[in-house]
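Encoded as C-alpha cells, the structure appears first; notes follow it.
4 protein chains.
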Amino acid sequence: MRDLDSIVAALRQFVAERDWSQFHDPKNLAMLVASEAGELVAEYRWVRGDEADAHSRAREPRARIAAEVADVGIALLLLCDRIGLDLTEAIADKLAKNTARYPVEKSRGRADRPT
Amino acid sequence: MRDLDSIVAALRQFVAERDWSQFHDPKNLAMLVASEAGELVAEYRWVRGDEADAHSRAREPRARIAAEVADVGIALLLLCDRIGLDLTEAIADKLAKNTARYPVEKSRGRADRPT
Amino acid sequence: MRDLDSIVAALRQFVAERDWSQFHDPKNLAMLVASEAGELVAEYRWVRGDEADAHSRAREPRARIAAEVADVGIALLLLCDRIGLDLTEAIADKLAKNTARYPVEKSRGRADRPT
Amino acid sequence: MRDLDSIVAALRQFVAERDWSQFHDPKNLAMLVASEAGELVAEYRWVRGDEADAHSRAREPRARIAAEVADVGIALLLLCDRIGLDLTEAIADKLAKNTARYPVEKSRGRADRPT
C-alpha cells in the first residue's frame, strides 16, 4: 500500500483549499465516520453471506464498495489528523490488547469470542 | 505512521491463530465496521461541538476514542484484505473524484458542499 | 401494541426528572440513534443469515436484541418529540412515497429494488 | 399518534405485494436499521449543535429529516414484526430498567450518566 502520511497530506490540502476545517471538529468527523459506515453496510444488506465474497469482486458493486470503504477511511484519517492520533499506532496498541483479551486456546473457532 | 502492510500482516496472523476467517465474510465485516463506528460516535454524543477538540485530548476520553478509532480501522482493514482492495489506492481514487466533484470556487467555506 | 403517546409521555418524564433535555438537541439525539443502531447490528454480525430467525427467538440473544431494539426506538422517539415530528405520520407519508417509488410489477422479488 | 398496529399492517402488505420478505431476515433488517440511521446522522453532521433545533424545523431539512426518521422507524418495525417483538412493550421494559439504572439523585444534570 501507499504511504499513509502522503495520503493524509493530500487530505489536508483538499480540506484547506475548501476552508472546511471549520466544520471538521472531532464530533462532526465521528458523525461522518458513522454515516459513511452506514453507506458501506447498505452495500451488503440484501446480499447473502455466502455470496458476499463474489459480490465484492463483481465489477459494479466492487466500484461502489471501494468508494464507500474509501469514504470511511477518509473520515477516519480526517478525525485522526484533527485530534493528533496516529492511526497505525492506535491499531497496533489495540491489536496487542485484543491478543491478550482473546487467548487463542479459548477463542479458537468461536464466534462468541469469550474473553 | 507505520507501514500499513505490516499492520495487515499482523491482523492476518491474529485472525488465523483464532480461526476466525470463517466468520469474516465481507458482509459480516461491513457490519463490524458499522458497529464499531457506532461505538466511536457514542464517545461524542453528549460532548458539545466546541468542546470536542479538548475532549479528544483529555486523558481518559482520549484512550477510549483511540481504542474506538482503532476498532474501526481494524474492521476496515480486515474488509479490504478479505476482498483484495488496497485501502490507500481506494482513498487516492476517491480523493481525486472528490476534487473534481467539489470545485474549490463553488465549495469554499460551505457546509452544504454543492457539487 | 401500547399507545405511543403514553410511551412518549413516560420518556418525557424520565428525561425531565434527570434534567437531561439540555443534552438532547436533535444533533445529539441523531447520534444516539446511530450509536444504538450500531449496538443492534453488533448482535447479528457473527450470526449466519439463515440462522438469524432462530437466533432472534433464543432466550439469551432475544433479551439483548429486545433491549437494543428498544434503545433505538427510545432514541427515535426522543428525537421526534424534540423536533415536534409525529413518527407514525412520518412513516405513513414515507410508505406512500415508497409505494409509488417501487411499483409492484417492477420490484416484485428483486433485492436490487429498481425504482 | 396513529395506531402502530395499523402501520405494521400496512408495512406487511407493502412487503408481501413485492415478495420482499425473502430478503428480510433479522440480520438484514438490523443492517437496514443501521444504514438508515447513518442517513439520519448525515442530516446533522455539519449542523452546529446550537442550531440543530432551528435546522430541524426549517422546511427543506425538515422534510429530509422526517423521511430519514421514517426510514429508521420502518426498518425497526419490520424487524420487530419479523421476530415477533412488541416494540412498545420492549421500550416500556427498557425504560423501567433505565429508571433503576440511572437514579435521579446520581444522574441529574450529568451527561456522563453514572449508573
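Residue numbers (the working numbering), protein chains in the order written: chain A, 2 to 116; chain B, 2 to 116; chain C, 2 to 116; chain D, 2 to 116.
Backbone N, C-alpha and C fix where the C-beta goes; we use that ideal spot for every residue, glycine too.
Keep in mind it's a predicted model, so treat the numbers as computed, not measured.
Cβ separation of residue 6 of chain B and residue 32 of chain A, assumed to be a contact under 8 Å, to the nearest whole Å:
Residue 6 of chain B sits at position 5 when you count from the first residue of the second sequence. Residue 32 of chain A sits at position 31 when you count from the first residue of the first sequence. The Cβ separation is near 30 Å, so there is no contact.
How many Å lie between residue 34 of chain D and residue 94 of chain A at the Cα?
Reading the fourth sequence from its first residue, position 33 is the one you call residue 34 of chain D. Reading the first sequence from its first residue, position 93 is the one you call residue 94 of chain A. The alpha-carbon atoms of residue 34 of chain D and residue 94 of chain A are separated by roughly 31 Å.
Counting Cβ pairs, one atom from each stretch, are 3 or more of them under 8 Å apart for the segment 43 to 54 of chain A and the segment 18 to 27 of chain C?
no
Only counting the same chain, and skipping five residues up and downstream in sequence, which positions put a Cβ closer than 6 Å to that of residue 38 of chain D?
For this step, residue 38 of chain D is matched to residue 37 along the fourth sequence. Counting only Cβ-Cβ distances below 6 Å, and skipping sequence neighbours, we find 73.
Is it true that the segment 75 to 90 of chain B meets the segment 101 to 113 of chain B, where meeting means three or more beta-carbon pairs spaced less than 8 Å apart?
no
With residue 116 of chain C as the anchor, note down where its alpha helix (DSSP H) starts and where it stops.
Taking the third sequence and counting its residues from 1, one reaches residue 116 of chain C at position 115. Residue 116 of chain C -> no alpha helix (DSSP H), and no H or E assigned at all.
Between the Cα of residue 109 of chain B and the Cα atoms of A:10, A:8, A:15, A:9, which residue gives the shortest distance?
The residue you call residue 109 of chain B lines up with position 108 of the second sequence. When only C-alpha atoms are compared, the closest one is A:15.
Can you list the residues of chain D that residue 112 of chain B reaches, using a CB-CB cut of under 7 Å?
Translated into positions along the second sequence, residue 112 of chain B becomes position 111. By Cβ distance, chain D contributes 47.
Whole-angstrom distance between residue 36 of chain A and residue 61 of chain A, CA atom to CA atom
Within the first sequence, numbered from 1, the residue matching residue 61 of chain A stands at position 60. Within the first sequence, numbered from 1, the residue matching residue 36 of chain A stands at position 35. Distance between the alpha carbons of residue 61 of chain A and residue 36 of chain A is about 22 Å.
What do you reckon, is the C-beta of residue 8 of chain C under 7 Å from a heavy atom of the ligand MN?
In the structure on display, the ligand MN does not appear, and there are no ligands present to speak of.
Nearest neighbour of residue 79 of chain C, chosen from D:96, D:65, D:82 [CA to CA]
To locate residue 79 of chain C, count along the third sequence from 1; it is residue 78. Comparing Cα-Cα distances from residue 79 of chain C to each of D:96, D:65, D:82, the minimum goes to D:96.
Taking 8 Å as the threshold (beta carbon to beta carbon), is residue 41 of chain D in contact with chain C?
Locating residue 41 of chain D in the fourth sequence gives position 40, counting from the first residue. Yes, contact with chain C.
Coarse secondary structure for residue 87 of chain C, derived from DSSP in three states
Against the third sequence, residue 87 of chain C aligns to sequence position 86. If DSSP states are grouped into helix, strand and coil, residue 87 of chain C belongs with coil.
To test your reading of the DSSP string, which unbroken alpha helix (DSSP H) runs of 4 or more residues are found completely within the segment 32 to 60 of chain B?
53 to 58
Where residue 72 of chain C falls: helix, strand or coil (DSSP)
Along the third sequence, one-based indexing puts residue 72 of chain C at 71. Three-state DSSP puts residue 72 of chain C in a helix.
Integer-rounded CB distance, given that residue 58 of chain D should sit under 8 Å from residue 84 of chain C:
In the third sequence, the residue the question calls residue 84 of chain C occupies position 83. In the fourth sequence, the residue the question calls residue 58 of chain D occupies position 57. Residue 84 of chain C to residue 58 of chain D, Cβ: 7 Å. Contact.
Spatial distance of residue 82 of chain B from residue 66 of chain A (CA atoms)
For the purposes of this step, residue 82 of chain B is taken as the residue at position 81 of the second sequence. For the purposes of this step, residue 66 of chain A is taken as the residue at position 65 of the first sequence. Looking at the two C-alpha atoms, the distance is approximately 13 Å.
Length of the line joining the Cα atoms of residue 4 of chain D and residue 10 of chain D
Walking along the fourth sequence from the start, residue 4 of chain D turns up at place 3. Walking along the fourth sequence from the start, residue 10 of chain D turns up at place 9. Each residue's Cα considered, the two are about 10 Å apart.
Residues that residue 62 of chain A contacts on chain B, provided the C-beta gap is smaller than 7 Å
For the purposes of this step, residue 62 of chain A is taken as residue 61 along the first sequence, with counting starting at 1. Neighbours of residue 62 of chain A on chain B: none; closest Cβ ~10 Å, over 7 Å.
Rounding to the nearest angstrom, what Cα-Cα distance links residue 17 of chain B and residue 112 of chain A in this structure?
On the second sequence, residue 17 of chain B is found 16 positions in, with the first residue counted as 1. On the first sequence, residue 112 of chain A is found 111 positions in, with the first residue counted as 1. Going from the Cα of residue 17 of chain B to the Cα of residue 112 of chain A covers about 14 Å.
Are the beta-carbon atoms of residue 29 of chain A and residue 114 of chain D separated by less than 8 Å?
Working through the first sequence from its first residue, we reach residue 29 of chain A at position 28. Working through the fourth sequence from its first residue, we reach residue 114 of chain D at position 113. No. Outside cutoff.
Counting only the same chain and skipping the five closest in sequence on each side, list residues whose C-beta sits under 7 Å from that of residue 116 of chain B.
To locate residue 116 of chain B, count along the second sequence from 1; it is residue 115. If we look at residue 116 of chain B and ignore the five residues flanking it on each side, its Cβ neighbours are 102, 103.
Can you give the Cα-Cα distance for residue 8 of chain C and residue 41 of chain D, rounded to whole angstroms?
Counted from its first residue, the third sequence places residue 8 of chain C at position 7. Counted from its first residue, the fourth sequence places residue 41 of chain D at position 40. Using only the alpha carbons, I get a separation of about 22 Å.
On a Cα-Cα basis, can you pick out the residue from C:77, C:20, C:68 that is closest to residue 70 of chain D?
For the purposes of this step, residue 70 of chain D is identified with residue 69 of the fourth sequence, where counting begins at 1. If we check each option's Cα against that of residue 70 of chain D, C:77 comes out closest.
According to DSSP, simplified to helix, strand and coil, what is residue 19 of chain C?
By one-based count along the third sequence, residue 19 of chain C stands at place 18. The answer is helix: DSSP assigns residue 19 of chain C an H, G or I state.
Does residue 33 of chain A have its Cβ less than 8 Å from a Cβ in chain D?
As a first step, residue 33 of chain A is located in the first sequence; it is residue number 32 there, counting from the start. By this cut-off, residue 33 of chain A is an interface position.
Using the beta-carbon of each residue, which ones in chain A are nearer than 8 Å to residue 36 of chain D?
Translated into the one-based positions of the fourth sequence, residue 36 of chain D becomes position 35. The contacting residues are 39, 40, 42, 43, 46.
Three-way DSSP call (helix, strand, coil) for residue 62 of chain D in this model:
Your numbering for residue 62 of chain D matches position 61 in the fourth sequence. Helix.
On the three-state DSSP scale, how would you describe residue 13 of chain B?
Within the second sequence, numbered from 1, the residue matching residue 13 of chain B stands at position 12. Residue 13 of chain B falls in the helix class under three-state DSSP.
Where does residue 43 of chain C land, buried or exposed, given buried means 16+ other C-beta within 10 angstroms?
Taking the first residue of the third sequence as 1, we reach residue 43 of chain C at position 42. With 16 or more other Cβ atoms within 10 Å, it is buried.
Tell me the DSSP secondary structure of residue 104 of chain C in three-state form.
In the third sequence, the residue the question calls residue 104 of chain C occupies position 103. Of the three classes helix, strand and coil, the one that applies to residue 104 of chain C here is coil, per DSSP.
Measure from the C-beta of residue 50 of chain D to each C-beta in chain B and report whether the shortest distance is under 8 Å.
The residue labelled residue 50 of chain D in the question sits at position 49 within the fourth sequence. Yes, residue 50 of chain D counts as interfacial toward chain B.
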